[in-house]
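Engineer: My questions all concern the structure below.
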Amino acid sequence: MADPHLAEVDPEISKYIADEVRRQHEKLRLIPSENYASTAVMEACGSVLNNKYSEGYAGRRYYEGQQNIDAIEKLAIERLKALFGVDHANVQPYSGSPANLAVYFAFCNPGDTIMGMGLPSGGHLTHGWKVSISGKYFNAIQYGVRRDDHRIDFDQVASLAREHKPKVLFCGTTAYSRIVDFPKFAEIAREVDAILVADIAHISGLVAGGAHPSPVGHAEVISSTTHKTFRGPRGGMIMCDEKHRKAIDRAVFPGLQGGPHNGTTAGIAIAAKLAMTDEFKSYAHAVVDNSRTLSEVLLSRGFDLVTGGSDNHLILIDLTSKDVPGKVAAQALDRAGMVANYNSVPFDTRKPFDPSGIRLGTPAITSRGMGSDEMKRLGNWMGDVIEDVENETLVTRVAGEIKDLCDQFPAPGVPTK
Ligand code: DSN
Numbered sequence: 001m002a003d004p005h006l007a008e009v010d011p012e013i014s015k016y017i018a019d020e021v022r023r024q025h026e027k028l029r030l031i032p033s034e035n036y037a038s039t040a041v042m043e044a045c046g047s048v049l050n051n052k053y054s055e056g057y058a059g060r061r062y063y064e065g066q067q068n069i070d071a072i073e074k075l076a077i078e079r080l081k082a083l084f085g086v087d088h089a090n091v092q093p094y095s096g097s098p099a100n101l102a103v104y105f106a107f108c109n110p111g112d113t114i115m116g117m118g119l120p121s122g123g124h125l126t127h128g129w130k131v132s133i134s135g136k137y138f139n140a141i142q143y144g145v146r147r148d149d150h151r152i153d154f155d156q157v158a159s160l161a162r163e164h165k166p167k168v169l170f171c172g173t174t175a176y177s178r179i180v181d182f183p184k185f186a187e188i189a190r191e192v193d194a195i196l197v198a199d200i201a202h203i204s205g206l207v208a209g210g211a212h213p214s215p216v217g218h219a220e221v222i223s224s225t226t227h228k229t230f231r232g233p234r235g236g237m238i239m240c241d242e243k244h245r246k247a248i249d250r251a252v253f254p255g256l257q258g259g260p261h262n263g264t265t266a267g268i269a270i271a272a273k274l275a276m277t278d279e280f281k282s283y284a285h286a287v288v289d290n291s292r293t294l295s296e297v298l299l300s301r302g303f304d305l306v307t308g309g310s311d312n313h314l315i316l317i318d319l320t321s322k323d324v325p326g327k328v329a330a331q332a333l334d335r336a337g338m339v340a341n342y343n344s345v346p347f348d349t350r351k352p353f354d355p356s357g358i359r360l361g362t363p364a365i366t367s368r369g370m371g372s373d374e375m376k377r378l379g380n381w382m383g384d385v386i387e388d389v390e391n392e393t394l395v396t397r398v399a400g401e402i403k404d405l406c407d408q409f410p411a412p413g414v415p416t417k
């Protein structure tokens, strides 16, 4: 059977991919949940592993021909156990949302009480927000941040937990720029006999690299995506104490999913191997250093940062004082070569589709090797554009300067030729 290359089979898709390569090269990608996976990870994801079905777990599959897949999945699991210091890892969840759904399925029945951080405060949809299955199928109690400093309101977490006695207490965030205090959550979970689940999707690379405290020893279950600060493939993982191994494995398969995506499993194994290196530890710390530097420049430009700064990879800006809606700012920044996302801020008076803030982060630009000097330039470009959003001459000039900068910092996994 003829087997021509993509450019010949489907020139339209081929062109879009080529355009995306260019976009990912010549813009500063600031969406904090995005990154550049390494070439090695990309190779595994695009390999023949795509062609194999492997329902079940290593040594207990429902299909033959698993000689290589079993070895790959075992390697991924062993490396994650060593890297994070956990008893068990399941690497089959298709991504973060299915991972969290599997956690609920492992421990809860429909109607049970669960608790998580509300989306408007920086939690994730799957932590019980009303439009998600986690908010519809469970009695979801939502905690938030304090009005005065926008930090997690632990008095509220404790009083809601005592009142509602959730089976599962989720901690972990998607739009929160500070350290998550896992020991404090664990204390509350213990008091009400809840299972503490730490969703470290955003920070798993920082945890692996020692740039954010680990939830291990505090949370009995840890869920994550694998493609954010962890720099792996698009995927998910659940790590847990030995006592929960069976419940988690059963919930993922056959509870929720069919065959695992084996190319992704290999990508997770590779990412875990890379995350054990000193180079990765330096990367994780550089992500945080860059976020701090960028925060300082933005503060010096008069921006109002939620919580007043950042000690992780992420910055949330409330643009109310600049009198520019988040969406307008995000669109102008994109035209100028800086890709962030518009985002609600805590206690936002605007609607989620047209909110007051923008969210940005340093994982991807740090993967390109950018550092303090580049953060200073970036903060000032952002200030210039947001303070003059309709100035297309400025936007074009900044986009050109950013392209020149990007040419000096090739991105991992993005072919330049
Ligand atoms: N976790 C989301 C984000 O932070 O972008 C995606 O689900």
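At position 91 of the sequence shown the residue is numbered 91 (the working numbering), and the sequence of numbers has no breaks. From the three backbone atoms N, C-alpha and C, an ideal C-beta is built for every residue, glycine too.
Taking T293 as part of the alpha helix (DSSP H), name the residues at either end of that continuous run.
Structural biologist: It spans D278 to S300 - the alpha helix (DSSP H) in which T293 sits, taken as one unbroken run.
Engineer: Taking only three categories from DSSP, how would you classify R147?
Structural biologist: Reduced to three states, the DSSP call for R147 is coil.
Engineer: Specify the secondary structure class of I222 as computed by DSSP and reduced to three states.
Structural biologist: Looking at I222 - three-state DSSP - the assignment turns out to be strand.
Engineer: Within the present structure, is the beta-carbon of G205 separated from the nearest heavy atom of the ligand DSN by less than 8 Å?
Structural biologist: No, the beta carbon of G205 sits no closer than 8 Å to any heavy atom of the ligand DSN.
Engineer: At a threshold of 8 Å, does T225 count as lining the ligand DSN (C-beta to nearest heavy atom)?
Structural biologist: Within the cutoff, so yes.
Engineer: Judging by CA-CA distance, which residue of I72, L305 and V157 is the nearest neighbour of K52?
Structural biologist: Of the listed residues, the one whose Cα sits closest to K52 is I72.
Engineer: How many angstroms separate the CA atom of F230 from the CA atom of D311?
Structural biologist: Roughly 17 Å between the two C-alpha positions.
Engineer: Flag this pair as touching only if the stretch 226-243 and the stretch 331-349 have three or more C-beta atom pairs under 8 Å; answer yes or no.
Structural biologist: No, they do not touch.
Engineer: Rounded to a whole number of angstroms, what is the C-alpha to C-alpha distance between A275 and D70?
Structural biologist: Roughly 22 Å between the two C-alpha positions.
Engineer: Buried or exposed: which applies to E220, given that a residue is buried once 16 or more other Cβ atoms fall within 10 Å of its Cβ?
Structural biologist: By the 10 Å Cβ count, E220 comes out buried.
Engineer: Mapping DSSP to helix, strand and coil, what is L378?
Structural biologist: Here L378 sits in helix by DSSP.
Engineer: Give me whichever residues DSSP pairs with R240 in a beta bridge.
Structural biologist: According to the sequence shown, residue 240 is Cys rather than Arg. Its beta-bridge partners are H88 and V221.
Engineer: Compute the minimum distance between the beta carbon of H212 and the heavy atoms of the ligand DSN, and state whether it is under 8 Å.
Structural biologist: Answer for H212: no, Cβ out of range of the ligand DSN.
Engineer: Can you give me the Cβ contacts of D149 inside the same chain, cut-off strictly under 8 Å, excluding the 5 residues immediately before and after it?
Structural biologist: T307 and G308.
Engineer: How about P110 and C171: are their beta carbons less than 9 Å apart?
Structural biologist: No, the pair does not count as a contact, with Cβ atoms beyond the cut-off.
Engineer: Mind reading off the beta-carbon distance from A269 to A76? Whole number of angstroms is fine, and I expect it under 8 Å.
Structural biologist: 4 Å between Cβ atoms; contact.
Engineer: Apart from the five residues on each side of it in sequence, which residues of its chain come closer than 8 Å, Cβ to Cβ, to I248?
Structural biologist: So the list reads H88, N90, A102, V103, A106, V221, I238 and C240, once near-sequence residues are dropped.
Engineer: When the Cβ atoms of the stretch 136-146 are set against those of the stretch 109-124, are three or more pairs found closer than 8 Å?
Structural biologist: Yes: the two stretches touch, three or more of their Cβ pairs being nearer than 8 Å.
Engineer: Looking at the ligand DSN, does it come within less than 8 Å of P352, judged from the CB to the closest heavy atom?
Structural biologist: Not so, every heavy atom of the ligand DSN lies at least 8 Å from the Cβ.
Engineer: Less than 8 Å between the CB of P32 and some heavy atom of the ligand DSN, yes or no?
Structural biologist: P32 Cβ: within cutoff of the ligand DSN.
Engineer: In three-state terms, what does DSSP make of D304?
Structural biologist: In the structure shown, D304 sits in a strand (DSSP, three-state: E or B).
Engineer: Run through DSSP, which three-state label would I31 get?
Structural biologist: Reduced to three states, the DSSP call for I31 is coil.
Engineer: Where does R368 sit, in a helix, a strand or coil, going by DSSP?
Structural biologist: Correct three-state label for R368: coil.
Engineer: Using DSSP's beta-bridge definition, name the partner residues of L196.
Structural biologist: The partner list for L196 (beta bridge, DSSP) reads L169.
Engineer: Would N35 and G263 be called neighbours here (beta carbons separated by less than 9 Å)?
Structural biologist: For N35 and G263, no; Cβs fall outside 9 Å.
Engineer: Tell whether a beta-carbon distance below 9 Å holds between S33 and H202.
Structural biologist: Yes, these two residues count as a Cβ contact at 9 Å.
Engineer: Going along the chain, which residues of its own chain have a beta-carbon closer than 7 Å to the beta-carbon of G259, five neighbours each way excluded?
Structural biologist: So the qualifying residues of the chain are Y53, S54 and E55.
Engineer: Which class does Q257 belong to by DSSP, given the choice of helix, strand or coil?
Structural biologist: If DSSP states are grouped into helix, strand and coil, Q257 belongs with coil.
Engineer: Could you tell me whether any non-hydrogen atom of the ligand DSN is closer than 8 Å to the CB of G96?
Structural biologist: Yes, the ligand DSN has a heavy atom inside 8 Å of this Cβ.
Engineer: As an exercise, report each continuous alpha helix (DSSP H) stretch of at least 4 residues that is fully enclosed by the stretch 71-123, in chain order.
Structural biologist: As far as the stretch 71-123 is concerned, its whole alpha helix (DSSP H) runs of at least 4 residues are 96-107.
Engineer: In terms of alpha-carbon separation, which member of R151, R292 and P93 lies closest to S224?
Structural biologist: Measuring from the Cα of S224, the nearest candidate turns out to be P93.
Engineer: Could you check where the beta strand (DSSP E) with L333 kicks off and where it finishes?
Structural biologist: Looking at the DSSP string, L333 is not in any beta strand (DSSP E); the run it does join, the alpha helix (DSSP H), is G326 to R335.
Engineer: Name the one or two DSSP bridge partners that G357 has.
Structural biologist: G357 is bridged to D318 and N343.
Engineer: Which same chain residues, not among the five before or five after A40, have their C-beta less than 7 Å away from its C-beta?
Structural biologist: For A40, where only same-chain residues beyond five positions count, the Cβ hits under 7 Å are I270.
Engineer: In the DSSP assignment, what are the bridge partners of N139?
Structural biologist: Per DSSP, T113.
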